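If you count the sequence shown from 1, position 58 lands on 61 in the numbering used here, and the numbers rise without skipping. Okay, so here's the structure we're looking at.
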Amino acid sequence: MNERLPWPPATAARALAFVGLVWLAGFGLFALSPALGGLFCFLAAWLTSGLIGTAMRSHEEVG
4 MNERLPWPPA
14 TAARALAFVG
24 LVWLAGFGLF
34 ALSPALGGLF
44 CFLAAWLTSG
54 LIGTAMRSHE
64 EVG
């Protein structure tokens, strides 16, 4: 594992792929139901902010 990364690259790729899929599902669901699409986009925003926050905290602990 690289010292500059807070977690292994494969884990980071899986997390980014999952969050990206939730964003895509949210935008796709807007066509069917704006409320359901909004819920998924809210969930994606929450996951994105958590992922960024975790990366920043982990980087401070490593560095």
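C-beta: ideal position from N, C-alpha, C; glycine also. Predicted model, so just to flag it, every value in this text is computed and none were measured.
In whole angstroms, what is the alpha-carbon distance linking residue i and residue j?
i	j	result
Leu-42	Gly-29	7 Å
Ala-34	Cys-44	13 Å
Ala-58	Gly-40	27 Å
Gly-31	Ala-16	22 Å
Ala-18	Trp-49	13 Å
Taking DSSP as the reference, what is the three-state secondary structure of residue i?
i	result
Phe-21	helix
Trp-26	helix
Ala-34	coil
Thr-49	It is worth fixing the name first, because residue 49 is Trp in this sequence and not Thr. If DSSP states are grouped into helix, strand and coil, Trp-49 belongs with the helices.
Pro-12	helix
Less than 7 Å between the CB of residue i and some heavy atom of the ligand ATP, yes or no?
i	result
Val-25	The ligand content of the structure shown is nil, which means the ligand ATP is not present either.
Buried or exposed: residue i, going by 16 or more other Cβ atoms within 10 Å of its Cβ?
i	result
Ala-47	buried
CB-CB under 8 Å to residue i, same chain, minus the five flanking residues each way: which ones, in chain order?
i	result
Phe-21	Leu-50
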